[in-house]
Amino acid sequence: MARSRPLGLVSLVILSLLGLSAALAPVIAPYGYDEADFLYRLKGPSAAHPFGTDNLGRDLLSRVLYGMRVSLFIAAGAVLLAESLALLIAVVTGYFGGWLDAVVQRIIDIWLAVPVLVLLVSLVGVAGPGVRTALVATGLLSVPASSRLLRSAVLGVRAEPYVEAAHALGASHTRVLLIHIVPNIAYLVVYSSTIALGAVMMLVASLGFLGLGVPPPQPDLGGMLSGAGLQFMRRSPWLALWPGLAIMLIVFTVNIAGDTLRDLFDPRLRG
Amino acid sequence: MAYLIRRLMLTIPTVLGLTALVFFLLHAVVPSDTVDVLVSFYGINDPELAQQLREEFGLTGSLLSQYADWLGSVLRGDLGASLFTKRSVLEELSRRLPISLELGLGAMLVTLAVAIPAGIISAVKRDGPLDYLLRGGAVLANALPDFWAATLVLVLGSVWFSWAPPLEYRTPWEDLGEHLRLMAVPVLLVAVTPAAALIRLMRSQVLEVLRQDYIRTARAKGLDARRVYGRHVLRNALLPVVTFAGLLLPRLIAGTVIVEQIFGIPGTGRYLLQAIGRLDYPVIQSTNLVIGLLLILVNVAVDISYTWIDPRIRWR
């Protein structure tokens, strides 16, 4: 993989480093996320504050690290939730079919017809912002697209001769599902997770930006860019620089990693 | 024609489901209601007044009857009025929806105008420097958060060029120049992400078509490049693009919500965000309904346009 897909490997490495530094934020961050130094406000990058400080004199590097921690935690949790639900729905409806499948697919049609951001904002705005709301809401909104993708794969696997053979040998539905269907679509679950992760990351950031992310003083990447800080950003553009770069780097590496995985699993899909 | 009617009939359950989804999410899942927001806003703690308000707002009966009431008035063409400003939702939307549509459709036009040629060039000059540039740009733009791009444009525009968008919205009839000065940049910003996605799609489609036998035939019988690309490649590569345009709409709507917020454009997105902030039920429900209807109709239009683009497809 290293030789044929250098960009994919580099992306995976960067992504792991970002994830690791986010997870270790309390250990490696030079300051606390709400440690204010009023004598040292809106300063540019320096040795003491590599990313500079914000309008309250808080260290931006530390805030970006903690912000990444929260945003990645929400995004990863949401993807885990979304993919588990999507897998469950896809396997059950795709394998058994019938009226259940028809009903669930119509519900998913409706779910897909709603503009995600609008629904998300409606949900989070009214349920009260916070880590849990953001995680559950973005997770639920990612279910339909993933379940569609997985269901189509289940339909494909169900028609394979080895599934027929298993039935002929008297295998139970549970056995066929667990031994034959699920392992054969596992690679798609990985791929659809990466698609969902990039999208959810963007949604979480948008939520934060609209003021519906994690309540202050705890930072999240989108919230750090939110409109309130705009007046300070004119004076100190680096305020706007780091959180945005962090979001972009994460989404970018996730997308590249996803493309790489897809190419490795299924070279026919290569774009 | 029969197909069209059937297709439109099929949208009815979808629309019903959509309204029910929004309604029950708002009323059943959310722990507080409009009256709570009002009461805490004015700092009054008077359960009697709160009860009175609930009755006045029609929030007392069972959820099902509330839903039926709301649906009934919508069917009679009454979208209700804001609980806060008392202004009719229909009136507000008829003023705001065109603004958002201008943003969204403008962005769609920019997307198509930029991405279709760019995608074709990228495919034709495959693995050339231009292809790498376009693909790299598209992948990067795909990861660019639209709200960050908008913020950067505002911040860097004012720092480097002392440029700032007008603070107040003017309709094109009042002052066309001011109107365009405010709308041009947001339109471009909304177009960035969709254009990035479409360039990639267009490129892979054209590459796929170029592999087909009929292209070799067309070349072999001596058609010049323009004929081959114009008549054979473009038409065959365009079908997924139409599907894409339908899928694009939710993204465009999300984009307009963001730029309306950042640039202070009085469109539908701002209206909805404000309504959500104070749980203004009629506004949230009716706006979601109108947006959803719009989406569904566009998808029907997309389905129908398939036959027009690709005569091989015939709907029963």
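Chains as they are written, first to last, in our numbering: chain A, 17 to 287; chain B, 131 to 446.
Glycine included, every Cβ here is placed at the ideal spot set by N, Cα and C.
Cut-off 7 Å between Cβ atoms - residues of its own chain near residue i, not counting five sequence neighbours on either side
i, result
"Pro-66(A)", "Leu-77"
"Ala-348(B)", "Val-358, His-362"
"Asn-272(B)", "Thr-323, Ala-326, Ala-327"
"Leu-241(A)", "Phe-225, Ala-256, Pro-259, Gly-260"
"Ala-273(A)", "Gly-24, Ser-27, Leu-28, Leu-31, Thr-210"
"Val-170(A)", "Ala-106, Val-107, Gly-110, Tyr-111, Ile-197, Ile-201"
Other residues of its chain near residue i: CB distance less than 8 Å, five sequence neighbours each side excluded
i, result
"Arg-446(B)", "Because the pLDDT of Arg-446(B) is 48, which lies under 50, any placement of that residue in the model is unreliable, and the number read from its coordinates should be weighed accordingly. Same-chain partners within the cutoff: Tyr-133."
"Phe-187(B)", "Thr-164, Val-165, Leu-213, Tyr-411"
"Trp-254(A)", "Gly-60, Pro-61, Phe-67, Gly-68, Leu-76"
"Ala-91(A)", "Thr-154, Leu-213, Val-216, Met-217, Val-220"
"Gln-342(B)", "Asn-366"
"Thr-417(B)", "Val-219, Leu-223, Thr-398, Tyr-401, Leu-402, Ala-405"
For residue i, the nearest candidate out of the options (CA to CA)
i, options, result
"Val-240(B)", "Leu-340(B), Ala-326(B), Glu-222(B), Leu-312(B)", "Ala-326(B)"
"Arg-164(A)", "Ala-38(A), Leu-116(A), Ile-124(A), Met-264(A)", "Ile-124(A)"
"Trp-258(A)", "Met-218(A), Pro-61(A), Ser-162(A), Thr-190(A)", "Pro-61(A)"
"Val-371(B)", "Ala-245(B), Arg-184(B), Leu-223(B), Gly-407(B)", "Ala-245(B)"
"Ser-435(B)", "Thr-373(B), Ile-426(B), Ala-367(B)", "Thr-373(B)"
"Arg-191(A)", "Gln-121(A), Thr-154(A), Leu-204(A), Val-107(A)", "Val-107(A)"
"His-157(B)", "Ala-211(B), Ser-230(B), Val-285(B), Trp-200(B)", "Trp-200(B)"
"Glu-298(B)", "Gly-307(B), Leu-319(B), Phe-291(B), Ser-292(B)", "Gly-307(B)"
"Phe-225(A)", "Ile-388(B), Glu-221(B), Thr-144(B), Tyr-197(B)", "Ile-388(B)"
"Asp-208(B)", "Ala-431(B), Pro-324(B), Gln-415(B), Arg-333(B)", "Gln-415(B)"
"Arg-333(B)", "Arg-346(B), Leu-193(B), Lys-255(B)", "Lys-255(B)"
"Leu-101(A)", "Leu-156(A), Val-119(A), Glu-51(A)", "Leu-156(A)"
"Ser-192(B)", "Leu-168(B), Ser-203(B), Ser-252(B), Phe-153(B)", "Phe-153(B)"
"Leu-270(B)", "Ile-44(A), Met-264(A), Ile-211(A)", "Met-264(A)"
"Arg-311(B)", "Ala-294(B), Trp-303(B), Pro-324(B)", "Ala-294(B)"
"Gly-93(A)", "Leu-213(A), Val-173(A), Gly-114(A), Ala-161(A)", "Leu-213(A)"
"Leu-139(A)", "Glu-178(B), Arg-136(B), Gly-407(B), Val-145(B)", "Gly-407(B)"
"Asn-200(A)", "Trp-127(A), Phe-281(A), Met-249(A)", "Phe-281(A)"
"Leu-88(A)", "Met-249(A), Thr-276(A), Leu-237(A)", "Leu-237(A)"
"Gln-247(A)", "Arg-137(B), Val-285(B), Leu-260(B), Pro-177(B)", "Val-285(B)"
"Thr-437(B)", "Arg-365(B), Trp-290(B), Asp-305(B)", "Arg-365(B)"
"Leu-368(B)", "Leu-382(B), Glu-338(B), Pro-177(B), Gln-391(B)", "Glu-338(B)"
"Leu-205(B)", "Val-145(B), Asp-261(B), Ala-321(B), Arg-136(B)", "Val-145(B)"
"Glu-390(B)", "Thr-417(B), Leu-340(B), Leu-425(B), Val-320(B)", "Val-320(B)"
"Pro-233(A)", "Met-249(A), Ala-273(A), Asn-71(A)", "Asn-71(A)"
"Ala-375(B)", "Val-432(B), Ala-253(B), Phe-393(B), Ile-329(B)", "Val-432(B)"
"Met-238(B)", "Phe-393(B), Thr-417(B), Gly-385(B)", "Gly-385(B)"
Own chain, CB closer than 6 Å to residue i, minus 5 neighbours either side, in chain order
i, result
"Gly-422(B)", "Leu-148"
"Leu-97(A)", "Gly-155"
"Met-139(B)", "none"
"Ser-288(B)", "Ala-294"
"Tyr-290(A)", "The first residue shown for chain A is 17 and the last is 287, placing residue 290(A) beyond what the model contains."
"Leu-378(B)", "Pro-324"
9 Å Cβ cut-off: residues of chain C touching residue i
i, result
"Asn-200(A)", "The structure shown contains no chain C; its protein chains are A and B."
heavy atom of the ligand COA below 7 Å from residue i C-beta
i, result
"Gly-267(B)", "In the structure shown, the ligand COA is absent, as is every other ligand, since no ligand is present at all."
Which runs of the alpha helix (DSSP H) spanning at least 4 residues fall entirely within the region 108-136 of chain A, listed in chain order? 114-129
When Cβ atoms are compared, which residues of the region 278-293 of chain B fall closer than 9 Å to chain A? Trp-278, Ala-279, Thr-281, Leu-282, Leu-284, Val-285, Leu-286, Ser-288, Val-289
Residues of the region 400-432 of chain B with Cβ closer than 8 Å to any Cβ of chain A, in chain order: Leu-402, Leu-403, Ile-406, Gly-407, Leu-409, Ile-414, Asn-418, Ile-421, Gly-422, Leu-425, Ile-426, Asn-429
Note down, one range per segment and in chain order, each alpha helix (DSSP H) of at least 4 residues found wholly within the region 183-234 of chain A. 198-225
Output needed in chain order: residues of the region 229-255 of chain B with a Cβ under 7 Å from some Cβ in chain A. none
Tell me whether the region 26-36 of chain A and the region 264-281 of chain A touch, counting them as touching only if at least three CB pairs, one residue from each stretch, are closer than 8 Å. yes
Whether or not the region 390-405 of chain B and the region 337-355 of chain B are in contact is what I'm after, with contact meaning three or more pairs of Cβ atoms, one per stretch, closer than 8 Å; do they touch? no
Could you give the uninterrupted runs of the alpha helix (DSSP H) lying entirely in the region 240-309 of chain B, keeping only those of 4 residues or more? 259-272, 276-290
Contact between the region 37-52 of chain A and the region 76-91 of chain A: three or more CB pairs below 8 Å? yes
Between the region 249-268 of chain A and chain B, which residues of the former have a C-beta closer than 7 Å to a C-beta of the latter? Met-249, Arg-250, Pro-253, Ala-256, Gly-260, Ile-263, Met-264, Val-267, Phe-268
Short-range partners of chain A found in the region 356-385 of chain B, where Cβ spacing is below 7 Å: Pro-380, Ile-383, Ala-384
Quick check: the region 307-319 of chain B against the region 270-285 of chain B, are at least 3 beta-carbon pairs closer than 8 Å? yes
Inter-stretch contact at 8 Å, needing at least 3 Cβ pairs: the region 141-156 of chain A / the region 192-209 of chain A: no
Within 8 Å of chain B by C-beta, residues of the region 213-239 of chain A in sequence order: Gly-214, Met-218, Ala-221, Ser-222, Phe-225, Leu-226, Gly-238
With contact counted as at least three CB pairs below 8 Å, one residue from each stretch, are the region 212-230 of chain B and the region 383-398 of chain B in contact? yes
Note down, in chain order, all residues in the region 34-63 of chain A with a beta-carbon under 9 Å from any beta-carbon belonging to chain B. none
Got a sec: which bits of the region 133-147 of chain A sit with their beta carbon under 7 Å from any beta carbon on chain B, in order along the chain? Leu-133, Val-134, Val-137, Ser-138, Leu-139, Gly-141, Val-142, Ala-143
Got a sec: which bits of the region 184-218 of chain B sit with their beta carbon under 9 Å from any beta carbon on chain A, in order along the chain? none
Residues of the region 271-282 of chain A with a CB closer than 9 Å to any CB of chain B: list them in chain order, please. Asn-271, Ile-272, Asp-275
For the region 158-185 of chain A, which residues have a beta carbon sitting closer than 7 Å to at least one beta carbon of chain B? none
At a Cβ cut of 7 Å, what residues of the region 67-78 of chain A count as close to chain B, listed as they run along the chain? none
Residues, ordered as in the chain, of the region 132-153 of chain B that lie near chain A by beta-carbon distance below 8 Å: Pro-143, Thr-144, Gly-147, Leu-148, Leu-151, Val-152
Could you list the residues in the region 338-358 of chain B with a C-beta less than 7 Å from some C-beta on chain A, going in chain order? none
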